[in-house]
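Participant: Structure below; questions to follow.
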Amino acid sequence: SNYGWNALMIASEFGHFEIVKYLIQNEINIHEKDLNGCNSLFLTCNNGSLDIANYLIEKGIDINEKCFNGDTVLMYAAKNGHLSIVKLLIERGIKIDEKNIKGQTALMYACKYGHFDIIKYL
1 SNYGWNALMI ASEFGHFEIV KYLIQNEINI HEKDLNGCNS LFLTCNNGSL
51 DIANYLIEKG IDINEKCFNG DTVLMYAAKN GHLSIVKLLI ERGIKIDEKN
101 IKGQTALMYA CKYGHFDIIK YL
């Protein structure tokens, strides 16, 4: 793709859990990154698929990975209002106070996009 996505990234972005499972069972590289330095978990946190997020974490994807701009998967989930994924990431031990290259945190993203439930949780 134009973003440097592999098949797992596409399936993750569009919430196709069975395809994600199939690809991982057939040994696709879950750690591969796109042109922005983001792995499949970022795309999952963008679309809000809790099942895929949990599965990728169980399969060993690094939840504390950052894109080239310093964004974290927690920032993606907070920005897009996915409280269930925010909770999952925190339960799994993600660093919640990380900042991107602009000094923004997940809490700041939640404030910017008006996700009060996430603001209260963070």
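Under the UniProt record's numbering, think of the first position of the sequence shown as 1, with each following residue one higher.
From the three backbone atoms N, C-alpha and C, an ideal C-beta is built for every residue, glycine too.
Quick caveat: nothing in here was measured; it's all calculated off a predicted structure.
1. Compare the C-alpha of Arg92 against each of Cys38, Ala53 and Asn47 and name the closest.
2. Consult DSSP for Lys112 and reduce its assignment to one of helix, strand or coil.
3. Measuring only the C-alpha atoms, how far is Asp71 from Ile101?
4. Helix, strand or coil for Lys21, going by three-state DSSP, please let me know.
5. Rounding to the nearest angstrom, what Cα-Cα distance links residue 126 and Asn26 in this structure?
6. Closest to Leu43 by C-alpha separation, out of Met9, His115, Gln104 and Lys79, would be which residue?
7. Please go through the same chain and pick out, in chain order, the residues whose beta-carbon is closer than 8 Å to the beta-carbon of Leu88, but skip the five residues on each side of it.
8. In whole angstroms, what is the alpha-carbon distance linking Ala106 and Met75?
9. Alpha carbon to alpha carbon, how far is Lys33 from Asn2? Give it in angstroms, no decimals.
Facilitator: Based on what the coordinates show:
1. Ala53
2. helix
3. 8 Å
4. helix
5. Within the shown structure, residues of the chain are numbered from 1 to 122, placing residue 126 beyond reach of any answer.
6. Met9
7. Leu50, Ala53, Asn54 and Ile57
8. Whole-angstrom Cα-Cα distance: 4 Å.
9. Distance between the alpha carbons of Asn2 and Lys33 is about 13 Å.
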